[in-house]
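Student: If you're matching positions, the sequence shown starts at 367 in the working numbering and goes up one per residue.
A virtual CB, placed ideally from N, CA and C, is assigned to each residue, including glycine.
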Amino acid sequence: MAHLQITRFSSTLQTHMNIGVILPDQLPQAPLPTIWLLHGLGENGTCWPTRTTIENLALNYQVAIIMPNVDRSFYMDEVNGLPYWTYFTKELMPEMQHLLPLSSHRDSNFVIGNSMEGFGALKLGFSHPELFSYIAALSPVINLTDIIPIMPDVKRVFGENDFLKPANDQFTHFMTKYQIDDNYHVSPGNHDWLFWEKEIQKVLAWLPLKRNA
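#1: According to DSSP, is A533 part of a helix, a strand, or is it coil?
#2: Which same chain residues end up closer than 7 Å to F524 when comparing Cβ atoms and leaving out the 5 residues on each side of it in sequence?
#3: I'd like to know whether the C-beta atoms of A487 and I501 end up nearer to each other than 7 Å.
#4: How about A368 and D391: are their beta carbons less than 7 Å apart?
#5: Helix, strand or coil, according to DSSP, for G386 in the structure here?
#6: Apart from the five residues on each side of it in sequence, which residues of its chain come closer than 8 Å, Cβ to Cβ, to Y453?
#7: Here's the rule I'm using: 16 or more other beta-carbon atoms within 10 Å means buried, otherwise exposed. How should W402 be labelled?
#8: Excluding sequence positions up to five away, which residues of its chain have a Cβ less than 8 Å from the Cβ of M459?
#9: Would I432 and V387 qualify as a contact pair, given that the criterion is a beta-carbon distance under 7 Å?
#10: Rounding to the nearest angstrom, what Cα-Cα distance links N556 and K564 in this structure?
#11: Just confirm the distance between the C-beta atoms of Y420 and I566, as a whole number of angstroms; I'd bet it's less than 8 Å.
#12: Since I believe L404 is in contact with G479 (beta carbons under 8 Å), could you give me their beta-carbon distance rounded to a whole number of angstroms?
#13: Please classify V429: is it buried, with 16 or more other beta-carbons within 10 angstroms of its beta-carbon, or exposed?
#14: What separation, rounded to the nearest whole angstrom, lies between the Cα atoms of R522 and T418?
#15: Quick one: is L370 buried, meaning 16 or more other Cβ sit within 10 Å of its Cβ, or exposed?
#16: Buried or exposed for P434, please, with buried defined as at least 16 other CB atoms from any protein chain shown within 10 angstroms of its CB.
#17: Rounded to whole angstroms, what is the Cα-Cα separation between D547 and M541?
#18: Would you say L398 and P467 are within 7 Å of each other, going by their C-beta atoms?
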């Protein structure tokens with residue numbers, strides 16, 4: 367796989383932004399199916415390759431992976447900050463699809479995020495169903511009041527558990543109530559990279575991608 371780091375000036379944000387890219391070494395004739403892989407709070411676009419085996423997974427499935435950096439924005443147009451939502455949807459996606467051999471078809475675009483950007487993945491998927499055919503949110507922030515404390519003693523209070531799980535339980539009940547097709551999977555683990563490393567493997571197996579023999 368080719369692992370690229372792109373730095374480009376964003377006209378939306380008026381600053382240089384970094385984007386991580388994973389591409390197959392041998393590019394196919396057709397545009398590549400693409401995973402837009404989002405990072406969590408306190409992380410950046412380099413976290414997935416350094417914390418997980420995502421590059422090996424990309425090789426197995428011959429898929430392009432785009433890993434943008436959006437700081438601590440929750441992919442929102444910040445009230446007292448920068449318009450990261452506009453940057454991602456109006457600038458980053460079309461620019462990357464123009465620059466790289468990425469498919470622009472909905473059926474070949476998938477958005478995945480963990481923690482903070484599980485929220486981002488869900489917001490992108492529900493706000494722009496014309497852009498993404500599959501959404502995967504790993505330990506996502508569902509109720510924004512959950513992240514207000516981000517308390518240093520969370521394990522002392524809640525134990526070795528994922529403090530965002532109750533809101534996720536409620537959200538999947540909401541999805542079921544309104545007959546929205548979802549696949550809610552609960553596994554033992556904490557709100558950490560050891561858990562997300564296992565889950566990202568399940569997500570790629572779930573996506574409609576052809577695995578190498």
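Tutor: So, to answer that:
#1: As a first step, residue 533 is located in the sequence shown; it is residue number 167 there, counting from the start. In this structure, A533 counts as helix in the three-state DSSP scheme.
#2: Against the sequence shown, residue 524 aligns to sequence position 158. No answer about F524 holds up, because its pLDDT of 35 lies below 50 and its placement is not dependable.
#3: Sequence index remark: in the sequence shown, residue 487 carries index 121 (1-based). Sequence index remark: in the sequence shown, residue 501 carries index 135 (1-based). A contact, by the Cβ cut-off of 7 Å.
#4: As a working note, residue 368 is residue 2 in the sequence shown. As a working note, residue 391 is residue 25 in the sequence shown. Yes, these two residues count as a Cβ contact at 7 Å.
#5: Residue mapping note: residue 386 aligns to position 20 of the sequence shown, counting from 1. It is a strand residue.
#6: In the sequence shown, counting from the first residue as 1, residue 453 sits at position 87. Counting only Cβ-Cβ distances below 8 Å, and skipping sequence neighbours, we find S376, T378, L379, M383, V436.
#7: Translated into the one-based positions of the sequence shown, residue 402 becomes position 36. Buried is the call here.
#8: Taking the sequence shown and counting its residues from 1, the one referred to as residue 459 is at position 93. Counting only Cβ-Cβ distances below 8 Å, and skipping sequence neighbours, we find W402, L497.
#9: Taking the sequence shown and counting its residues from 1, one reaches residue 432 at position 66. Taking the sequence shown and counting its residues from 1, one reaches residue 387 at position 21. Yes; because the gap between Cβ atoms is below 7 Å, this pair is in contact.
#10: Position 190 of the sequence shown, counting from 1, holds the residue named residue 556. Position 198 of the sequence shown, counting from 1, holds the residue named residue 564. If you take the alpha carbons of N556 and K564, they lie about 12 Å apart.
#11: As a working note, residue 420 is residue 54 in the sequence shown. As a working note, residue 566 is residue 200 in the sequence shown. One detail in the question is off: residue 420 reads as Ile in this sequence, not Tyr. About 6 Å; that satisfies the 8 Å criterion.
#12: Taking the sequence shown and counting its residues from 1, one reaches residue 479 at position 113. Taking the sequence shown and counting its residues from 1, one reaches residue 404 at position 38. Going by Cβ atoms, the distance from G479 to L404 rounds to 3 Å, so yes, they are a contact pair.
#13: Mapped onto the sequence shown, residue 429 falls at position 63. Per the 10 Å Cβ criterion, buried.
#14: One-based indexing of the sequence shown puts residue 522 at position 156. One-based indexing of the sequence shown puts residue 418 at position 52. Unreliable placement is indicated for R522, whose pLDDT of 28 sits below 50; no coordinate value is reported for it.
#15: Indexing the sequence shown from 1 puts residue 370 at position 4. It is exposed - the Cβ of L370 has fewer than 16 other Cβ atoms within 10 Å.
#16: The residue given as residue 434 occupies position 68 in the sequence shown. Counting Cβ neighbours within 10 Å, P434 comes out buried, since at least 16 surround it.
#17: Numbered from its first residue, the sequence shown carries residue 547 at position 181. Numbered from its first residue, the sequence shown carries residue 541 at position 175. Their backbone Cα atoms lie some 7 Å apart in a straight line.
#18: Here residue 398 is taken as the residue at index 32 of the sequence shown, counted from 1. Here residue 467 is taken as the residue at index 101 of the sequence shown, counted from 1. Yes; because the gap between Cβ atoms is below 7 Å, this pair is in contact.
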